[in-house]
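Residue numbers (the working numbering), protein chains in the order written: chain V, 485 to 598; chain G, 6 to 119.
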Amino acid sequence: DAGVIQSPRHEVTEMGQEVTLRCKPISGHNSLFWYRQTMMRGLELLIYFNNNVPIDDSGMPEDRFSAKMPNASFSTLKIQPSEPRDSAVYFCASSLALGDYEQYFGPGTRLTVT
Amino acid sequence: AQTVTQSQPEMSVQEAETVTLSCTYDTSENNYYLFWYKQPPSRQMILVIRQEAYKQQNATENRFSVNFQKAAKSFSLKISDSQLGDTAMYFCAFLSSNTGKLIFGQGTTLQVKP
Numbered sequence: 485d486a487g488v489i490q491s492p493r494h495e496v497t498e499m500g501q502e503v504t505l506r507c508k509p510i511s512g513h514n515s516l517f518w519y520r521q522t523m524m525r526g527l528e529l530l531i532y533f534n535n536n537v538p539i540d541d542s543g544m545p546e547d548r549f550s551a552k553m554p555n556a557s558f559s560t561l562k563i564q565p566s567e568p569r570d571s572a573v574y575f576c577a578s579s580l581a582l583g584d585y586e587q588y589f590g591p592g593t594r595l596t597v598t
Numbered sequence: 006a007q008t009v010t011q012s013q014p015e016m017s018v019q020e021a022e023t024v025t026l027s028c029t030y031d032t033s034e035n036n037y038y039l040f041w042y043k044q045p046p047s048r049q050m051i052l053v054i055r056q057e058a059y060k061q062q063n064a065t066e067n068r069f070s071v072n073f074q075k076a077a078k079s080f081s082l083k084i085s086d087s088q089l090g091d092t093a094m095y096f097c098a099f100l101s102s103n104t105g106k107l108i109f110g111q112g113t114t115l116q117v118k119p
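Listed below in structure tokens is the structure:
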């Protein structure tokens with residue numbers, strides 16, 4: 485079975501540019517999560533969806549960050565405009581449902597903003 | 006709010022020996038789940054083991070086992086017969102059944118030496 489798919493795997497962009505990260509959850513999973521990992525702050529939950537509906541976006545650091553889930557098989561995380569401090573690894577994860585099921589992670593996108 | 010603490014930033018073990026990674030957590034919830042994830046240099050987050058809070062029996066997965074002490078809010082991971090491939094960062098994580106949020110500890114870097 486295919487796991488969680490993320491693209492791109494690496495992204496290098498200049499400050500001020502728009503960045504869009506993409507995620508395809510495991511088929512049949514109803515919950516999707518976006519995380520950010522940095523050395524300083526570790527793994528942080530940014531936002532999560534259940535049945536395509538955003539449930540909690542309190543982890544989104546600023547208005548420059550936005551996320552959408554237009555259907556059950558696709559989600560995007562957008563940063564506009566990007567800043568050097570956004571450099572991190574961004575993970576997408578999915579689970580069967582909220583609360584009682586383990587989350588399976590994608591390979592991550594390493595974002596570098598220069 | 007829930008917190009997860011891993012007090013050992015780095016550990017090392019000789020190949021074939023046993024090592025225990027510590028984790029404590031704080032919560033007022035009664036229904037929750039605990040996990041250990043492994044992150045090797047490839048940065049893929051891999052689920053190692055899962056424990057349901059309502060189960061008294063400690064979870065085991067081959068060479069990996071946990072010591073779950075609910076009253077003490079402690080959840081340690083024991084790796085037996087350590088292998089070079091076990092070298093990775095290990096994250097303890099708490100999953101709230103109420104919110105579906107997965108909260109991670111800071112991680113412990115484990116090096117297995119030949």
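For every residue, glycine included, the Cβ atom is placed at its ideal position computed from N, Cα and C.
- Between G/I51 and the set G/Q88, G/Q111, G/S33, G/F40, the nearest pair of CA atoms involves G/F40.
- Cβ-Cβ distances below 6 Å link V/G512 to nothing in the same chain once the five nearest sequence neighbours on each side are left out.
- For V/P568, the three-state secondary structure derived from DSSP is helix.
- Linking G/Q56 to G/Q116 through their CA atoms gives a straight-line distance of about 24 Å.
- Taking C-beta atoms as the reference points, V/E586 and V/S579 count as a pair closer than 8 Å.
- Taking C-beta atoms as the reference points, G/I54 and G/V71 count as a pair closer than 8 Å.
- The Cβ-Cβ distance between G/Y37 and G/K78 does not fall below 8 Å.
- Annotated three-state conformation of G/D31 is strand, per DSSP.
- If you compare the alpha carbons of G/Q49, G/P46, G/L82 with that of G/N63, the shortest gap goes to G/L82.
- Taking 9 Å as the cut-off between beta carbons, the residues of the region 517 to 530 of chain V near chain G are F517, Y519, Q521, G526, L527, E528, L529, in sequence order.
- G/N35 and G/A58 have their C-alpha atoms roughly 7 Å apart.
- By the Cβ test, the region 569 to 577 of chain V is in contact with the region 512 to 522 of chain V, since at least three Cβ pairs between them sit closer than 8 Å.
- In the assembly as shown, G/Q61 is an exposed residue. Its beta-carbon has fewer than 16 other beta-carbons within 10 Å.
- For V/L516, the closest C-alpha among the options V/G500, V/E502, V/M553 is that of V/M553.
- Bounds of the beta strand (DSSP E) holding V/S550 are 549 to 555.
- Apart from sequence neighbours up to five positions away, the residues of its chain that approach G/T32 with a beta-carbon distance below 6 Å are Q7, ordered along the chain.
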